[in-house]
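Last residue of the sequence shown? That's 649 in my numbering, and every number before it is there in order.
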Amino acid sequence: MTLTYGVPSRCDIPTVVTSRLILRGWRPEDLSPYAAMNADPETMRYLDGPFGVDATERLVTHLIGMWALRGHGMWAVEERGSGEFLGRAGSYIAQGWPGIEVAVSIRRDHWGMGLGTEAIRASLDFGFERLPVDEMITSTHRENVGMNSIAHRLGMTFRGVADVGPWRASNVYAITRSEWCARQTAASAASAEAALQHVRQSGPSSDECAPGGCAPVERRHGEQMSRKRTPGR
Ligand SMILES: CC(C)(COP(=O)(O)OP(=O)(O)OC[C@H]1O[C@@H](n2cnc3c(N)ncnc32)[C@H](O)[C@@H]1OP(=O)(O)O)[C@@H](O)C(=O)NCCC(=O)NCCS
């Protein structure tokens, strides 16, 4: 029998770079640090308890498979400065889910530094920029203070208590595309105003001057407001 080969199907996982994190595709060397996180009872307190290396490997192949099947999913989270593995973040959906969920798990020695918020913010940015969705959700155990705080801090609205997949009576939050875009526009306007105040108070710094003169402040702010987070950058 003669076999013919077609074009192989591909699973491209885009890379997203934030201030302190790189959200990227999974590598074999992530398995060991991720398994260590999944074996930690405190980290897994609201995620059905700890599990081992074999289950971690099955989970990672499942998370990679979501990118191939649905075009979005969970990234491995890497710290920009050190290159260390810090967890996983991104989006998730399965049968019976009320919508595309954003979720995160951060290595315990890095909790409380704003990294969970940063990863969820990037996941919402990516979702609303790249996916044809009008709303994204998150769900968590009612006692998971960290995740409930992240949802509130990012302007997600409490929608009620529901069973989500295997998790019973989870707090469910949602944010619509228009709500997220309004927040981003307000944040950009606030940072543009802060930059303008800085220029007014201290005058333009040397690196704000192009050869032959300074670009108009309004134009520089316009560029800043329309700047997109470019995957792979
Ligand atoms: C939930 C989790 C992602 C938070 O990550 P993080 O990087 O610590 O989050 P941030 O630093 O952005 O802080 C978010 C909020 O959680 C609070 N927080 C962080 N760690 C906390 C802790 N151990 N106990 C209580 N609150 C905590 C912060 O004070 C902050 O609250 P604020 O907005 O009122 O200031 C992290 O604890 C984690 O990975 N937990 C295990 C996995 C998990 O439960 N994921 C969520 C599944 S739905």
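C-beta atoms are modelled at their ideal positions from N, C-alpha and C, and glycine is treated no differently.
- Looking from the CA of M529, the closest CA among D541, G512, G562, I516 belongs to G562.
- Our two residues, T573 and S586, have alpha carbons roughly 14 Å apart in a direct line.
- Between the alpha carbons of R443 and E495 lies a gap of roughly 15 Å.
- With the criterion CB distance below 6 Å from any heavy atom of ligand 1, the matching residues run T459, Y462, L463, A519, V520, S521, I522, W527, G528, M529, G530, L531, G532, T533, T556, N560, V561, G562, M563, S565, I566, R569 along the chain.
- Note that the C-beta distance between A505 and A484 is not below 8 Å.
- The stretch 453-517 is shown to contain whole alpha helix (DSSP H) runs of 4 or more residues at 469-486, in chain order.
- Three or more beta-carbon pairs separated by less than 8 Å are not found between the stretch 452-464 and the stretch 545-554, which leaves the two stretches without contact.
- With contacts defined as CB atoms closer than 8 Å, Y450 and V476 qualify as a contacting pair.
- Spatial neighbours of A510 in its own chain (CB-CB distance under 8 Å, excluding positions within 5 residues in sequence) are listed in chain order as G581.
- With a 10 Å radius around the Cβ and a threshold of 16 neighbouring Cβ atoms, R537 comes out buried.
- The three-state secondary structure of W596, taken from DSSP, is helix.
- A straight-line Cα-Cα distance of about 46 Å links S498 and L419.
- Considering only R523, R558, A598, E609, the residue with the shortest C-alpha distance to D541 is A598.
- Around the beta carbon of G489, a 10 Å sphere encloses 16 or more other beta carbons of the protein chains shown; the residue is thus reported as buried.
- In the DSSP assignment, V577 falls within the beta strand (DSSP E) that extends over 573-580.
- By the Cβ neighbour-count rule, A603 is exposed, with fewer than 16 other Cβ atoms within 10 Å of its own.
- Secondary-structure assignment with DSSP links T554 through a beta bridge to Y589.
- Counting of Cβ neighbours within 10 angstroms places Y508 among the buried residues, the total reaching 16 or more.
- Beta-bridge analysis with DSSP links W527 to no other residue.
- Counting every other CB atom within 10 Å of its CB across the protein chains shown gives E559 a total below 16, marking it as exposed.
- Where I429 is concerned, there is no enclosing beta strand (DSSP E), because DSSP gives it neither an H nor an E.
- M482 and G543 have their alpha carbons spaced roughly 14 Å apart.
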